[in-house]
Amino acid sequence: MKSKLGDLAPGIGIVSITGLAALFLSDHYATPVMLFALLLGIAVSFLYDETRCRTGIDFTTTGLLRVGVALIGLNITLQDLVGLGWHTGLLLVFAVTSTILFGLIVCRLLKIPLSFGALTGGAVGICGASAALAISAILPDYKERERDTLVTVIGVTLLSTIAMIVYPILSHWLEFDTQQTSLFLGGTIHDVAQVVGAGYSVSNETGDMATLTKLVRVSLLVPVVAVLVVVANRKLSTNHNEKPVLLPLFLIAFIALMMINSVIHIPESVTSFAGQCSRFALVMAMAGIGMKSNLRQLLGVGVKPILILIAETIWIAVLFVVAIKVF
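According to my numbering, the stretch in the sequence shown is residues 9 to 335, in order.
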């Protein structure tokens, strides 16, 4: 045990420092922390190959990633799901499902691996970088998985930041009322932080309702990952050398924490601390992914993956505009 901790310590230490630097820069320059974590991680990627940090960095991109996703469950309750009403719930389920299917179809047409469509569709449809990391963790291992995860995270972070600025203006131009604006912002912007920023830039009421809508989208991470696990197992069943993908423990923990938060009153100080721990764990995981990335591979990814992310973003935005205007 002592020897294993000694192996992990250098990598965890350097990732922690990188994560803290990303948080500092994010707070002072109003830029998404995940983007800073990725860029700083890429800047020191030589540490992954040339030092004793490899084991600890690997741990942050697996173990800490799962902890961060699981702790999100403490910020969601069943009451949140019920509070928006069944019409809104069905719209959110349809939006998430259709965005993932849209990503898969586009990837097939462009002859890109379907795993990339599941990764980007889940990130755009559910909760941005957090969803990308969670889905990446359960996908069967393949050569470009880390590169695809990196591209997805950078793409959804940038698109989410643009949406945070543009969508409130678009909502005003479309003459949406407070409820409609909240639904549009919470249902279409990728990352939670950007939903909060966009919502409260309109009004406090819009910010509250948009955040609630977004949290319901986040809760859909559970069934989406479960379905992807089933699909992955069906594909692996033809290859007896591959181990089946089990329902990950972090997903079970996510559900358990959400249920506990639904039936027991947990002090806000506890849920707030859990949220901060979750955020920092995901920031560290993102920095670790950056350190493991091959920048040359990333530069050679081509334009197709970027077009897929943009197309998925437009798809879910148009879907909500039509649904709000028609229904």
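For glycine and all other residues, C-beta sits at the position ideal for the given N, C-alpha and C.
Cα-Cα separation between residue i and residue j, rounded to whole angstroms
| i | j | result |
| --- | --- | --- |
| Cys-115 | Pro-121 | 6 angstroms |
| Val-271 | Lys-312 | 46 angstroms |
| Ile-337 | Thr-96 | Since the first residue shown for the chain is 9 and the last is 335, residue 337 is missing from the structure and cannot be characterised. |
| Gly-207 | Asp-15 | 44 angstroms |
| Ser-227 | Tyr-150 | 27 angstroms |
| Tyr-328 | Gly-136 | Note that residue 328 is Phe in the sequence shown, not Tyr. Roughly 17 angstroms separates the two Cα atoms. |
| Ile-134 | Met-266 | 17 angstroms |
| Leu-73 | Val-90 | 29 angstroms |
| Leu-82 | Thr-196 | 23 angstroms |
| Phe-32 | Val-309 | 30 angstroms |
| Gly-298 | Leu-43 | 10 angstroms |
| Ala-240 | Leu-99 | 26 angstroms |
| Asp-88 | Cys-61 | 41 angstroms |
| Gln-187 | Arg-155 | 39 angstroms |
| Thr-105 | Asp-216 | 25 angstroms |
| Val-200 | Leu-166 | 13 angstroms |
| Val-159 | Ile-314 | 8 angstroms |
| Thr-70 | Lys-222 | 25 angstroms |
| Leu-55 | Ile-260 | 33 angstroms |
| Asn-212 | Lys-300 | 40 angstroms |
| Thr-283 | Val-233 | For the record, residue 283 in the displayed sequence is Gly; it is not Thr. Rounded to the nearest angstrom, the two C-alpha atoms are 21 angstroms apart. |
For residue i, the first and last residue of its enclosing alpha helix (DSSP H)
| i | result |
| --- | --- |
| Ser-211 | Premise fails: Ser-211 is in no alpha helix (DSSP H) and is neither H nor E. |
| Cys-285 | 276 to 300 |
| Val-114 | 94 to 117 |
| Lys-312 | 312 to 334 |
| Leu-89 | 86 to 91 |
| Ile-268 | 257 to 271 |
| Ala-38 | Run containing Ala-38: none; DSSP gives neither H nor E here. |
| Val-309 | Run containing Val-309: none; DSSP gives neither H nor E here. |
| Gly-76 | 73 to 79 |
Three-state secondary structure (DSSP) of residue i
| i | result |
| --- | --- |
| Pro-18 | helix |
| Thr-59 | coil |
| Leu-182 | coil |
| Asp-66 | helix |
| Ile-25 | helix |
| Ser-190 | helix |
| Ser-53 | coil |
Contacts around residue i, its chain only, beta-carbon distance under 7 angstroms, and the 5 residues preceding and following it disregarded
| i | result |
| --- | --- |
| Thr-189 | Ser-179, Val-210, Thr-214 |
| Ser-144 | Leu-127, Arg-153, Thr-157 |
| Trp-323 | Thr-107, Phe-110 |
| Ile-20 | Gly-64, Phe-67, Thr-68 |
| Ala-295 | Val-23, Thr-26, Gly-27, Ala-30, Ala-45, Leu-48, Gly-49 |
| Met-172 | Ile-197, Gln-202, Gly-205, Ala-206 |
Beta-carbon contacts of residue i that lie in its chain and below 8 angstroms, excluding the five residues immediately before and after
| i | result |
| --- | --- |
| Gly-129 | Thr-107, Ile-108, Leu-109, Phe-110, Gly-111, Leu-112, Glu-320 |
| Phe-184 | Phe-192, Ile-332 |
| Leu-147 | Ser-123, Ala-126, Leu-127, Arg-153, Leu-236, Ala-240 |
| Ser-280 | none |
Beta-carbon proximity list for residue i, same chain, < 6 angstroms, skipping 5 on both sides
| i | result |
| --- | --- |
| Ala-218 | Ser-190, Leu-193, Gly-194, Val-203, Gly-207 |
| Ile-316 | Val-114, Thr-128 |
| Leu-342 | Coverage of the chain is limited to positions 9 through 335, which leaves residue 342 absent and any answer about it impossible. |
| Val-278 | none |
| Pro-176 | Ala-206, Ser-209, Val-210 |
heavy atom of the ligand GDP below 6 angstroms from residue i C-beta
| i | result |
| --- | --- |
| Ile-162 | With respect to small molecules bound, the structure shown includes none, and the ligand GDP cannot be examined in it. |
> Whole alpha helix (DSSP H) runs in the region 110 to 159 with 4 or more residues, listed along the chain?
Replying inline: 122 to 130, 136 to 146
> Can you list, in chain order, the stretches of the alpha helix (DSSP H) that have 4 or more residues and sit fully within the region 193 to 237?
Replying inline: 200 to 210, 212 to 227
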